[in-house]
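Enquirer: Line by line, the protein sequences are chains A and B. Each residue of the first sequence is one higher than the one before, starting from 1 at the first, in our numbering. Each residue of the second sequence is one higher than the one before, starting from 343 at the first, in our numbering. Ideal Cβ placement from N, Cα and C applies to all residues, glycine included.
Number of protein chains: 2
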Amino acid sequence: MANLLSVAKLAGVSRATAARAFSSPESLRPETHRRVMEAARVLGFRPNKVAQQLRTRATRMLGVMVPSLDNPVFAEQLQAMEEAARAAGYSLIVTTSGYDPGREEAIVEEMLRQRVDGLALTVAEADHSAVLVKLRRESTPCLLVHNPPVAPCFPSVGVDNRAAMADATRYLIAQGHRRIGMIGGPLLQSDRARLRHEGYREAMEAAGLTPLALIEMPRHTQVALSRLAPALGGTEGLTAVLCTNDLLAISLIGELRRSGRSVPGDLSVMGFDGIELGRHLYPSLSTVVQPRAEFGRVAVDTLLALIRGATPQPLPLPHVLREGESAGALPASRQAPEPYDP
Amino acid sequence: MANLLSVAKLAGVSRATAARAFSSPESLRPETHRRVMEAARVLGFRPNKVAQQLRTRATRMLGVMVPSLDNPVFAEQLQAMEEAARAAGYSLIVTTSGYDPGREEAIVEEMLRQRVDGLALTVAEADHSAVLVKLRRESTPCLLVHNPPVAPCFPSVGVDNRAAMADATRYLIAQGHRRIGMIGGPLLQSDRARLRHEGYREAMEAAGLTPLALIEMPRHTQVALSRLAPALGGTEGLTAVLCTNDLLAISLIGELRRSGRSVPGDLSVMGFDGIELGRHLYPSLSTVVQPRAEFGRVAVDTLLALIRGATPQPLPLPHVLREGESAGALPASRQAPEPYDP
DNA sequence: GAACACAATGAGATCGATCTCATTACGCTA
DNA sequence: TAGCGTAATGAGATCGATCTCATTGTGTTC
Chain A
1 MANLLSVAKL AGVSRATAAR AFSSPESLRP ETHRRVMEAA RVLGFRPNKV
51 AQQLRTRATR MLGVMVPSLD NPVFAEQLQA MEEAARAAGY SLIVTTSGYD
101 PGREEAIVEE MLRQRVDGLA LTVAEADHSA VLVKLRREST PCLLVHNPPV
151 APCFPSVGVD NRAAMADATR YLIAQGHRRI GMIGGPLLQS DRARLRHEGY
201 REAMEAAGLT PLALIEMPRH TQVALSRLAP ALGGTEGLTA VLCTNDLLAI
251 SLIGELRRSG RSVPGDLSVM GFDGIELGRH LYPSLSTVVQ PRAEFGRVAV
301 DTLLALIRGA TPQPLPLPHV LREGESAGAL PASRQAPEPY DP
Chain B
343 MANLLSVAKL AGVSRATAAR AFSSPESLRP ETHRRVMEAA RVLGFRPNKV
393 AQQLRTRATR MLGVMVPSLD NPVFAEQLQA MEEAARAAGY SLIVTTSGYD
443 PGREEAIVEE MLRQRVDGLA LTVAEADHSA VLVKLRREST PCLLVHNPPV
493 APCFPSVGVD NRAAMADATR YLIAQGHRRI GMIGGPLLQS DRARLRHEGY
543 REAMEAAGLT PLALIEMPRH TQVALSRLAP ALGGTEGLTA VLCTNDLLAI
593 SLIGELRRSG RSVPGDLSVM GFDGIELGRH LYPSLSTVVQ PRAEFGRVAV
643 DTLLALIRGA TPQPLPLPHV LREGESAGAL PASRQAPEPY DP
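#1: Give the residues of chain A in contact with B/Thr401, contact being defined as C-beta atoms less than 8 Å apart.
#2: Report yes if the CB atom of B/Met403 is closer than 8 Å to the CB atom of B/Tyr432, and no otherwise.
#3: Can you name the start and end residues of the alpha helix (DSSP H) that B/Ile649 belongs to?
#4: Could you tell me the alpha carbon to alpha carbon distance between A/Pro342 and A/Glu205, rounded to whole angstroms?
#5: In the structure shown, what three-state DSSP assignment does A/Arg15 receive?
#6: Straight-line CA distance for B/Ile649 to B/Leu461?
#7: Would A/Arg115 count as contacting chain B if we go by Cβ distances under 8 Å?
#8: Between A/Arg86 and chain B, is the shortest Cβ-Cβ distance under 8 Å, so that the two count as touching?
#9: Since B/Leu554 and B/Gly526 are thought to touch, with beta carbons under 8 Å apart, how far apart are those beta carbons, to the nearest angstrom?
#10: Note down the Cα distance separating A/Gly260 from B/Pro625, rounded to an integer number of angstroms.
#11: Given A/Ala130, which residues of its chain have a CB within under 7 Å of its CB, disregarding the five upstream and five downstream residues?
#12: Let me check one thing: in DSSP terms, what residues is A/Arg322 bridge-paired to?
#13: Are the beta-carbon atoms of B/Arg377 and A/Asn48 separated by less than 8 Å?
#14: Just checking A/Leu187 against the ligand NAP - is the residue's beta carbon closer than 7 Å to any of the ligand's heavy atoms?
#15: So is B/Leu632 buried or exposed if we call it buried at 16+ other beta carbons inside 10 Å?
#16: Who are the neighbours of B/Val384 on chain A, taking C-beta pairs under 8 Å?
#17: Use the C-beta contact count for B/Ala426: other C-beta atoms within 10 angstroms, 16 or more gives buried, fewer gives exposed.
#18: Answer yes if the segment 561-570 of chain B comes into contact with the segment 582-593 of chain B, meaning at least three C-beta pairs across the two stretches below 8 Å, and no otherwise.
#19: A/Gly254 touches chain B at which residues, Cβ-Cβ below 8 Å?
#20: Could you give the first and the last residue of the continuous beta strand (DSSP E) run that contains B/Ser433?
#21: Quick check on B/Cys495: buried or exposed, where buried means 16 or more other Cβ atoms within 10 Å of its Cβ?
#22: Against chain A, does B/Gln421 count as a neighbour if the rule is that its beta carbon must be under 8 Å from one of theirs?
#23: Under the three-state reduction of DSSP, which class applies to A/Asp246: helix, strand or coil?
#24: Which of the residues in the segment 65-79 of chain A, read from start to end, lie with their CB under 7 Å from any CB of chain B?
#25: From A/Ser251, A/Ile107, A/Ser6, A/Ala332, pick the residue whose C-alpha is nearest to that of A/Gly176; which is it?
#26: Just the chain B side, please: which residues come within less than 9 Å of A/Gln222 by C-beta, in chain order?
#27: For the pair the segment 470-486 of chain B and the segment 415-429 of chain B, tell me if three or more CB-CB distances fall below 8 Å.
#28: CB-CB under 8 Å to A/Ala293, same chain, minus the five flanking residues each way: which ones, in chain order?
#29: Whole angstroms is fine: what's the gap from B/Arg639's alpha carbon to B/Arg388's?
#30: With DSSP as the reference, label B/Phe387 as helix, strand or coil.
#31: DSSP has B/Val392 in a bridge; who is on the other side?
#32: What is the DSSP secondary structure of B/Ala350, counted as helix, strand or coil?
#33: Mapping DSSP to helix, strand and coil, what is A/Leu180?
#34: Could you tell me the boundaries of the beta strand (DSSP E) in which B/Leu486 lies?
#35: Listed from N- to C-terminal order along the chain, which residues in the segment 208-237 of chain A have their beta-carbon within a distance smaller than 9 Å of any beta-carbon of chain B?
#36: Measure the C-alpha to C-alpha separation of B/Gly620 and A/Glu26 and round it to an integer number of angstroms.
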């Protein structure tokens, strides 16, 4: 394949001049510039970014690691990141960790060897992450996405998970619910799940209600109704459930209806994430919307700022409670025996 | 940052020997190998892939372009591709085109400059794609995903869209439906949409039924019920609808139910893709499953074969019809006036 | 101990750009 | 036309590895 040297020869100039034709055309005589460009065209010259990267010690590539692309919340965020990155002249190397610390480690090492200019990571557990400890010693700019900014060294882009779930909880309380439960995926100890549960607990306690332990589901994307069934039966059963993500909520609604229960008649269900699809379901999903597209943009902007040497301290992004049809007012027939009276 | 030269110096060997310690340790005396590795450890040496890539003229990176990550069918496929690629020691550069030919062009040019070892593309229209015409002159191995293998030059990974939609149509016919319509996204002319419509038409005609034109929706992910309403009313209205993708189907089901209609009572709905979520909805989605995870694996395997210089001719991947609850037998009350009688 | 085969190591070119610094060319004024 | 300042261009080093080929070192055999 044609390289700059061959272009330079054909145009009758030196490599340096040929290079300038691309990087700073204004420093060349118009005629020289034209000759070089013509030679490049004739030879089908295509600049080699690898060589540029080696020489300039900048790859203009960002490494992105998300737990999974099966959850639209990550896919939608990635979509926004890709667009923002490309607009800024950067490419993304995309990887999935499956929440596996071993894979996280290997992926990050690989990306460092690739000399990415920056890393945007979503890890399982930011404050006990081996990979973050390692990165602390490295000079590659690094940004957390979704993870709370517990690690003092790394800026973080995400919503205030605790406040967001507290909002959702208060919303259900305002709808008249008193017996409210919460379900989550298999990583109960994940930093976000923990914060969300704390938000739930605080809102419950602030209202004089009893928070329950997080009910663990075997998968992030699918409920096992059997794990929840005990909490649902009888007059003392739950009347509303908060889910740590939308996929769980959607799956829960499906299972409930398949088992003959109605939503929100028998149980109000709230999601978390605000994936696009939730709007179009019936009943439409009541959920806490994380602004995923903005996540992506802000993540890239912040990472680029870090790369430029700035020390941005991004604020938590605002979450929005989207009222759908899956959570509603508590039917009179299911009012708690003891009325709420502060 | 430490480079091989500094490692070599510290270990008291030449660069060549230091390099061999990593690439072919067996060719070194154990003692020499140990000294080099120790020096590397002390200096925190991390091999520079950019330099390796320049020198070996192989990046071990694959360029992936999909229309969008907002549709789980692409996200799930990408997830599988990433795992397969990483298992083979390759990284993915991921981009989204939004079906925009201009962006397709820019993205591919960018990836060629990056000297990716191979490209896996999903384009809007394989047989009139400017970007594919350009790629035909290039030596970079290229694979189409989802696009039918119309372009003689490029292998393609995907299901047989025509046969798949014909199967779905026959399924509905077998359920007693006679007035069956089909809806699609804004790209009626997309190669896949066209093939799927052809499959539908053939199956209809083979059964002596009248196929209808594809009803165009303004977006890929969301129906506008108003566009469909005219076809639904009265005793002559449709009793079943095929959708070109699952998101449309899910959105359609939601809209129908919200407007007071039941699914499949008033209208049977079939999707296409088989995204995971469809299983968990209520009613669960009847759909044609494209094996997305297998797509990803096969795509990577085929592309790696191309890179090795083989000329694989991948077969269409098998599709599976998944019977859900959104499509059912035609109620007796809605039997067509003229019974089907070949 | 000399000769030889083979293993281990080193020297230097190379991949394809960029960048600095030196040199040449050009335009302007006197 | 000479002199000068600036614009335009070129020569060569450099980024960090790999690879070929030459050389040195080691061990075996007679």
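Expert: Walking through what the data contain:
#1: Working through the second sequence from its first residue, we reach residue 401 of chain B at position 59. Those within 8 Å of B/Thr401 in chain A are Val50.
#2: Position 61 of the second sequence holds residue 403 of chain B. Position 90 of the second sequence holds residue 432 of chain B. In contact: B/Met403 and B/Tyr432 (Cβ atoms closer than 8 Å).
#3: By 1-based counting over the second sequence, the position of residue 649 of chain B is 307. For B/Ile649, the enclosing alpha helix (DSSP H) covers residues 634-649.
#4: Your numbering for residue 342 of chain A matches position 342 in the first sequence. Your numbering for residue 205 of chain A matches position 205 in the first sequence. Any reading at A/Pro342 must be qualified, since the residue scores a pLDDT of 44, below 50, and its modelled position is unreliable; no value is offered.
#5: In the first sequence, residue 15 of chain A corresponds to position 15, counting from 1. It is helical.
#6: Looking up residue 649 of chain B in the second sequence gives position 307. Looking up residue 461 of chain B in the second sequence gives position 119. The C-alpha of B/Ile649 lies about 10 Å from the C-alpha of B/Leu461.
#7: If you number the first sequence from 1, residue 115 of chain A lands on position 115. It does; some Cβ of chain B falls within 8 Å.
#8: Residue mapping note: residue 86 of chain A aligns to position 86 of the first sequence, counting from 1. Using beta-carbon distances, A/Arg86 counts as an interface residue toward chain B, with a partner under 8 Å.
#9: The count along the second sequence starts at 1 and reaches residue 554 of chain B at position 212. The count along the second sequence starts at 1 and reaches residue 526 of chain B at position 184. Not a contact, Cβ separation roughly 12 Å.
#10: Here the question's residue 260 of chain A lines up with position 260 in the first sequence. Here the question's residue 625 of chain B lines up with position 283 in the second sequence. Rounded to whole angstroms, A/Gly260 to B/Pro625 spans 12 Å at the Cα level.
#11: Counting from 1 along the first sequence, the entry for residue 130 of chain A is found at position 130. Within the same chain, Cβ atoms closer than 7 Å to the Cβ of A/Ala130 are found at Pro101, Glu105, the five residues on either side in sequence being excluded.
#12: Taking the first sequence and counting its residues from 1, one reaches residue 322 of chain A at position 322. Note: A/Arg322 sits in a beta bridge opposite A/Thr287.
#13: The residue labelled residue 377 of chain B in the question sits at position 35 within the second sequence. The residue labelled residue 48 of chain A in the question sits at position 48 within the first sequence. Not closer than 8 Å, so no.
#14: Summarising the ligand content, the structure contains no ligands, and the ligand NAP is consequently not present.
#15: Counting from 1 along the second sequence, the entry for residue 632 of chain B is found at position 290. Leu is not the amino acid found at residue 632 of chain B; the sequence shown has Gln there. Around the Cβ of B/Gln632, a 10 Å sphere holds 16 or more other Cβ atoms; the residue is buried.
#16: Sequence index remark: in the second sequence, residue 384 of chain B carries index 42 (1-based). The contacting residues do not exist; B/Val384 stays about 14 Å from chain A at best.
#17: Along the second sequence, read from residue 1 onward, the residue named residue 426 of chain B stands at position 84. Of the residues assessed, B/Ala426 falls on the buried side of the cut-off, its CB having 16 or more other CB atoms within 10 angstroms.
#18: Note that the segment 582-593 of chain B touches the segment 561-570 of chain B; at least 3 beta-carbon pairs, one per stretch, sit closer than 8 Å.
#19: In the first sequence, the residue the question calls residue 254 of chain A occupies position 254. Ordered by position in chain B, the residues that pass the 8 Å Cβ test against A/Gly254 are His622, Leu623, Tyr624, Ser626.
#20: As a first step, residue 433 of chain B must be located in the second sequence, where it is residue number 91. Residues 433-438.
#21: Here residue 495 of chain B is taken as the residue at index 153 of the second sequence, counted from 1. Exposed, since its Cβ has fewer than 16 Cβ neighbours within 10 Å.
#22: Against the second sequence, residue 421 of chain B aligns to sequence position 79. Answer yes: the Cβ-Cβ gap between B/Gln421 and chain A drops below 8 Å somewhere.
#23: Here residue 246 of chain A corresponds to residue number 246 of the first sequence, with the count starting at 1. Helix, per DSSP.
#24: Cβ contacts with chain B come from Ser68, Leu69, Asp70, Pro72, Ala75, Glu76, Leu78, Gln79.
#25: Stepping through the first sequence from its first residue, residue 176 of chain A is reached at position 176. Residue A/Ala332 is the option with its Cα nearest to A/Gly176.
#26: In the first sequence, the residue the question calls residue 222 of chain A occupies position 222. Taking a Cβ-Cβ cut-off of 9 Å, the neighbours of A/Gln222 in chain B comprise Glu618, Arg621, His622, given in sequence order.
#27: At 8 Å Cβ cutoff, the stretches do not touch.
#28: Against the first sequence, residue 293 of chain A aligns to sequence position 293. Within the same chain, and ignoring the five residues on either side of A/Ala293 in sequence, the residues whose Cβ sits closer than 8 Å to its Cβ are Glu76, Gln77, Gln79, Ala80.
#29: Position 297 of the second sequence, counting from 1, holds the residue named residue 639 of chain B. Position 46 of the second sequence, counting from 1, holds the residue named residue 388 of chain B. One C-alpha to the other measures close to 30 Å.
#30: One-based indexing of the second sequence puts residue 387 of chain B at position 45. Note: B/Phe387 maps to coil in three-state DSSP.
#31: Against the second sequence, residue 392 of chain B aligns to sequence position 50. Per DSSP, none; premise fails for B/Val392.
#32: Along the second sequence, read from residue 1 onward, the residue named residue 350 of chain B stands at position 8. Looking at B/Ala350 - three-state DSSP - the assignment turns out to be helix.
#33: Counting from 1 along the first sequence, the entry for residue 180 of chain A is found at position 180. Sequence check: residue 180 of chain A is Ile here, not Leu. Three-state result, A/Ile180: strand.
#34: Here residue 486 of chain B corresponds to residue number 144 of the second sequence, with the count starting at 1. Counting along the chain, the beta strand (DSSP E) containing B/Leu486 begins and ends at 484-487.
#35: Result list: Thr221, Gln222, Val223.
#36: Looking up residue 620 of chain B in the second sequence gives position 278. Looking up residue 26 of chain A in the first sequence gives position 26. So the two alpha carbons sit approximately 57 Å from each other.
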